[in-house]
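Presented below is the structure to which this report refers.
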Amino acid sequence: MTPTIDQLIAEELGVGAHQVTAAVGLLDSGSTVPFIARYRKEATGALDDAQLRALEERLRYLRELAERRTAILESIRGQGKLDDELEARINAADSKARLEDIYLPYKPKRRTKAQIAREAGLEPLAEGLLDDPGQDPQEAAAAFVDPDREVADVKAALDGARAILVERFAEDADLTGVLRERLWEKGRLGSAVREGKEEAGAKFADYFDFSEPLTKLPSHRVLAMYRGEKEEVLTLTLEPEEPPAANADGTTPRSTYENAIAHRFGIVDRGRPGDRWLQDTVRWAWRTRILVRLDIDVRMRLWQQAEDEGVNVFAANLRDLLLAAPAGSRSTLGLDPGLRTGVKVAVTDATGKVVATDTIFPHAPRHAWDASLAALARLCAAHDVELVAIGNGTASRETDKLAADLLRLHPELGLTKVMVSEAGASVYSASAYASEELPDLDVSLRGAASIARRLQDPLAELVKIDPKSIGVGQYQHDLAEAKLSRSLDAVVEDCVNGVGVDVNTASVPLLTRVSGVTSTLARNIVSHRDANGPFRSRDALRSVPRLGPKAFEQCAGFLRVPGGDDPLDTSAVHPEAYPVVRRILDRVGTDLPTLIGNKAVLSEVRPEEFVDDTFGLPTVTDILSELEKPGRDPRPAFTTATFKEGVEKLSDLEQGMVLEGVVTNVAAFGAFVDVGVHQDGLVHVSALSDKFVEDPREVVKPGDIVKVKVQDVDIPRKRISLTMRLDDAAPAPGGREERGGRGGDRRRGGGNGERGGAPKADGGRRGGGGGGRGQNNRSAPAPQGAMAEALRRAGLGK
Numbered sequence: 001m002t003p004t005i006d007q008l009i010a011e012e013l014g015v016g017a018h019q020v021t022a023a024v025g026l027l028d029s030g031s032t033v034p035f036i037a038r039y040r041k042e043a044t045g046a047l048d049d050a051q052l053r054a055l056e057e058r059l060r061y062l063r064e065l066a067e068r069r070t071a072i073l074e075s076i077r078g079q080g081k082l083d084d085e086l087e088a089r090i091n092a093a094d095s096k097a098r099l100e101d102i103y104l105p106y107k108p109k110r111r112t113k114a115q116i117a118r119e120a121g122l123e124p125l126a127e128g129l130l131d132d133p134g135q136d137p138q139e140a141a142a143a144f145v146d147p148d149r150e151v152a153d154v155k156a157a158l159d160g161a162r163a164i165l166v167e168r169f170a171e172d173a174d175l176t177g178v179l180r181e182r183l184w185e186k187g188r189l190g191s192a193v194r195e196g197k198e199e200a201g202a203k204f205a206d207y208f209d210f211s212e213p214l215t216k217l218p219s220h221r222v223l224a225m226y227r228g229e230k231e232e233v234l235t236l237t238l239e240p241e242e243p244p245a246a247n248a249d250g251t252t253p254r255s256t257y258e259n260a261i262a263h264r265f266g267i268v269d270r271g272r273p274g275d276r277w278l279q280d281t282v283r284w285a286w287r288t289r290i291l292v293r294l295d296i297d298v299r300m301r302l303w304q305q306a307e308d309e310g311v312n313v314f315a316a317n318l319r320d321l322l323l324a325a326p327a328g329s330r331s332t333l334g335l336d337p338g339l340r341t342g343v344k345v346a347v348t349d350a351t352g353k354v355v356a357t358d359t360i361f362p363h364a365p366r367h368a369w370d371a372s373l374a375a376l377a378r379l380c381a382a383h384d385v386e387l388v389a390i391g392n393g394t395a396s397r398e399t400d401k402l403a404a405d406l407l408r409l410h411p412e413l414g415l416t417k418v419m420v421s422e423a424g425a426s427v428y429s430a431s432a433y434a435s436e437e438l439p440d441l442d443v444s445l446r447g448a449a450s451i452a453r454r455l456q457d458p459l460a461e462l463v464k465i466d467p468k469s470i471g472v473g474q475y476q477h478d479l480a481e482a483k484l485s486r487s488l489d490a491v492v493e494d495c496v497n498g499v500g501v502d503v504n505t506a507s508v509p510l511l512t513r514v515s516g517v518t519s520t521l522a523r524n525i526v527s528h529r530d531a532n533g534p535f536r537s538r539d540a541l542r543s544v545p546r547l548g549p550k551a552f553e554q555c556a557g558f559l560r561v562p563g564g565d566d567p568l569d570t571s572a573v574h575p576e577a578y579p580v581v582r583r584i585l586d587r588v589g590t591d592l593p594t595l596i597g598n599k600a601v602l603s604e605v606r607p608e609e610f611v612d613d614t615f616g617l618p619t620v621t622d623i624l625s626e627l628e629k630p631g632r633d634p635r636p637a638f639t640t641a642t643f644k645e646g647v648e649k650l651s652d653l654e655q656g657m658v659l660e661g662v663v664t665n666v667a668a669f670g671a672f673v674d675v676g677v678h679q680d681g682l683v684h685v686s687a688l689s690d691k692f693v694e695d696p697r698e699v700v701k702p703g704d705i706v707k708v709k710v711q712d713v714d715i716p717r718k719r720i721s722l723t724m725r726l727d728d729a730a731p732a733p734g735g736r737e738e739r740g741g742r743g744g745d746r747r748r749g750g751g752n753g754e755r756g757g758a759p760k761a762d763g764g765r766r767g768g769g770g771g772g773r774g775q776n777n778r779s780a781p782a783p784q785g786a787m788a789e790a791l792r793r794a795g796l797g798k
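Numbering (the UniProt record's numbering), first residue to last: 1 to 798.
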């Protein structure tokens with residue numbers, strides 16, 4: 001019996017079929033992943049958001065597969081060629097590739113050479129030579145010469161017979177599947193520079209003479225090689241296997257693929273008259289039909305895997321960026337650096353409201369340094385500024401020095417300066433929403449305001465920008481638009497709902513990311529808030545136009561009402577579960593304000609005593625945890641690194657120096673760390689810990705403050721090799737990504753390091769080598785800005 005889609009997904013995820021069925025039903029009814037993960041644990045058996053996202057993606061694929069299967073069955077049935085065996089094979093196909101392999105012989109196509117040969121009556125010749133290689137092909141073919149049927153001579157007859165057999169070999173679904181997997185496991189992808197492209201394509205120099213097994217190619221290399229091919233710098237070649245040594249007589253032996261084809265159709269060289277012709281037919285089928293098709297299939301599979309990984313990298317980086325520590329409700333001075341056009345200045349108060357703006361010209365050509373310092377000092381004093389947020393774009397190093405002088409000359413202000421990524425700020429500044437939100441500000445000044453707000457609350461500010469514009473992905477512009485958007489939107493949705501949203505301060509873009517809230521509904525919420533004042537309760541949301549029962553169910557638990565009529569409205573407890581809280585209050589004999597945060601009392605409550613037909617143990621347990629710390633923010637506390645005095649540029653670094661730094665990016669091959677010298681250093685995965693580390697994210701994440709030791713400094717190439725193994729006595733070898741490695745270039749014996757993860761081809765505006773250009777001097781990078789900055793430095797950003 002063919003398993004159902006739910007059963008297939010359950011087996012793949014390692015969960016019960018009933019869990020999948022429940023989740024699918026909820027998704028189909030319009031429930032969101034955050035809602036299901038948080039508030040329907042009993043139904044799904046507590047599937048988490050990661051499992052539900054995987055389920056959702058797999059459900060989409062399998063439903064598309066089912067639709068294609070139905071279409072194929074109808075097509076073959078319409079041809080009158082569908083029998084029980086073929087239908088069973090089609091129903092058993094577990095992938096789109098397998099389904100298309102089976103369908104290929106029945107797929108309507110233009111007249112092929114094989115079809116023309118069959119129409120000319122040459123199929124008996126092909127069958128005869130395959131069944132009885134004892135026949136002499138020339139003699140057998142002579143009987144089929146017929147000028148009236150366009151078979152002019154023996155050669156034409158044999159060519160037609162060969163075309164028939166080649167098509168048969170190429171359209172054997174089982175054989176094709178075996179050969180495809182063999183090619184995937186044994187094949188290599190090679191690349192070479194095109195003639196005359198050495199200088200123009202220097203950014204792809206690592207791939208001018210390169211070859212690596214398909215199964216060992218990391219995603220960033222695949223994307224880099226495909227980009228090089230697209231830009232007509234590289235020629236890519238799929239190498240099925242190492243070429244076999246020539247026979248003693250100088251002839252080329254059959255490849256393992258040709259042997260597999262021959263074995264499948266019982267073709268053996270025993271010296272019979274037809275054996276050589278059949279052997280040549282096998283070779284012709286492999287080289288002209290099967291390999292050509294499999295080359296496309298395997299390259300597409302390689303691309304899809306690299307693309308999936310690229311999407312995953314972008315999604316993981318975006319998640320880290322959105323969930324970075326917020327500086328919180330602190331008055332902030334935002335600086336959007338510039339040279340000729342000046343540095344744009346915006347001050348935001350503790351709520352993020354813009355209270356002052358200015359433009360200063362400390363740099364060339366005006367050099368109004370002292371006047372700029374005076375203007376900044378006045379603004380900071382007038383508005384009790386605590387933080388200075390510096391954008392990391394053009395002139396950021398010079399502006400960082402200006403901020404350093406401000407801190408040095410005015411210690412009484414108690415300022416802390418932080419470098420903030422401005423990726424996507426220009427997109428926000430020119431957006432329709434920015435015009436609506438900050439109508440009185442010039443476009444250039446909106447960027448400074450956004451930079452300040454990003455430091456205060458990165459999540460609330462970054463949701464105003466299309467995730468793709470934030471620029472924390474590798475080769476993001478090469479990735480499928482729909483796939484990337486779907487993944488990034490899911491990340492934003494999960495992050496926003498995981499943190500929760502203050503319904504009385506949230507912007508329309510932020511509300512739009514809340515479970516069950518559409519853009520129209522978000523505007524209605526804000527309009528209702530503006531017209532009627534702040535919401536006093538969650539229940540008051542029901543009066544918002546078009547916010548019906550389903551939308552309320554989906555969004556209520558994620559919207560917070562601080563200072564409202566009911567303390568529970570500040571928590572993540574869903575209104576539907578308030579009766580459970582009332583029962584708990586009755587049992588412990590206290591009121592809600594006394595119970596909330598009272599760990600001693602809550603620890604005495606037995607959750608199983610409050611389980612009923614509607615709310616199971618997972619929900620009750622969640623309720624008790626939420627009552628202990630209502631509305632807690634899952635994001636880490638805001639911290640900054642203390643960079644070493646006197647270490648401000650690459651030449652200041654010395655081997656063996658121990659420094660404090662901020663992790664700016666985590667890649668498969670290690671972590672980038674900003675130690676305050678305008679250049680990120682690389683801690684290779686092997687130098688992250690004394691223990692074996694398979695995934696660097698197990699050890700560090702962006703925003704972490706770590707101690708590192710300088711292992712090596714390559715000033716000409718702007719590379720810094722660091723280690724977190726502080727007891728290491730000798731420099732780590734190389735600092736390159738694979739370090740001679742795991743299936744590197746067989747011709748050059750190298751590991752083909754990626755120089756920070758990708759060549760400059762991927763938008764590394766200011767250099768892709770060695771992790772790229774740093775921005776920060778003595779300022780501590782904000783965790784939310786660090787990720788985008790490191791990726792941009794490394795050439796991985798947009």
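No residue lacks a Cβ here, since even glycine has one placed at the ideal position from N, Cα and C.
Any idea which residues DSSP pairs residue i with across the strands?
i           : result
residue 543 : Paired residues: none, contrary to the question.
residue 707 : 660
residue 354 : 348
residue 667 : 670
residue 721 : 682, 712
residue 343 : 360
residue 332 : 348, 387
Buried or exposed: where does residue i fall if 16 or more other Cβ atoms within 10 Å of its Cβ makes it buried?
i           : result
residue 525 : buried
residue 109 : exposed
residue 304 : exposed
residue 37  : buried
residue 603 : exposed
residue 885 : Look at the range of the chain in this structure, 1 to 798, and you will see that residue 885 is not part of it.
residue 724 : buried
residue 390 : buried
residue 419 : buried
residue 542 : exposed
residue 94  : exposed
residue 53  : buried
Mind checking whether residue i and residue j have CB atoms under 8 Å apart?
i           : j           : result
residue 628 : residue 597 : yes
residue 487 : residue 311 : yes
residue 225 : residue 234 : yes
residue 554 : residue 616 : no
residue 122 : residue 161 : yes
residue 501 : residue 558 : yes
residue 274 : residue 135 : yes
residue 709 : residue 660 : no
residue 700 : residue 663 : yes
residue 409 : residue 388 : no
In chain order, what residues of the same chain have a beta carbon less than 8 Å from the beta carbon of residue i, not counting five sequence neighbours either side?
i           : result
residue 748 : Any reading at residue 748 needs caution, since the residue's pLDDT is 34, under 50, leaving its predicted position unreliable; the model's value is listed next. Closer than 8 Å at Cβ, skipping near neighbours: 209, 210.
residue 59  : 5, 9, 24, 27
Please list, in chain order, all residues of the same chain as residue i whose beta carbon is under 6 Å from its beta carbon, the five residues on each side excluded.
i           : result
residue 804 : A query on residue 804 cannot be resolved here, the shown segment of the chain reaching from 1 to 798 and no further.
residue 165 : 126, 281
Keeping to the same chain, check which residues put their C-beta closer than 7 Å to that of residue i; ignore five residues upstream and five downstream.
i           : result
residue 73  : 82, 87, 90
residue 651 : 715
residue 358 : 345, 375, 379
residue 113 : 163
residue 495 : 319, 322, 323, 459
residue 149 : 120, 121
So does residue i have its beta carbon nearer than 7 Å to some heavy atom of the ligand COA?
i           : result
residue 133 : The model on display carries no ligand, and the ligand COA is accordingly not part of it.
Residue ranges of each beta strand (DSSP E) within the region 153-217, 3 or longer: 188-193, 209-213
Contained alpha helix (DSSP H) runs [length at least 4] in the region 421-507, N- to C-terminal order: 425-429, 432-437, 443-456, 458-462, 481-499
Threshold first: 4 residues or longer. Then list the alpha helix (DSSP H) segments lying entirely within the region 589-614, N to C. 592-595, 599-602
Only counting runs of 3 or more residues, tell me where the beta strand (DSSP E) segments fall wholly within the region 23-107, in order along the chain. none
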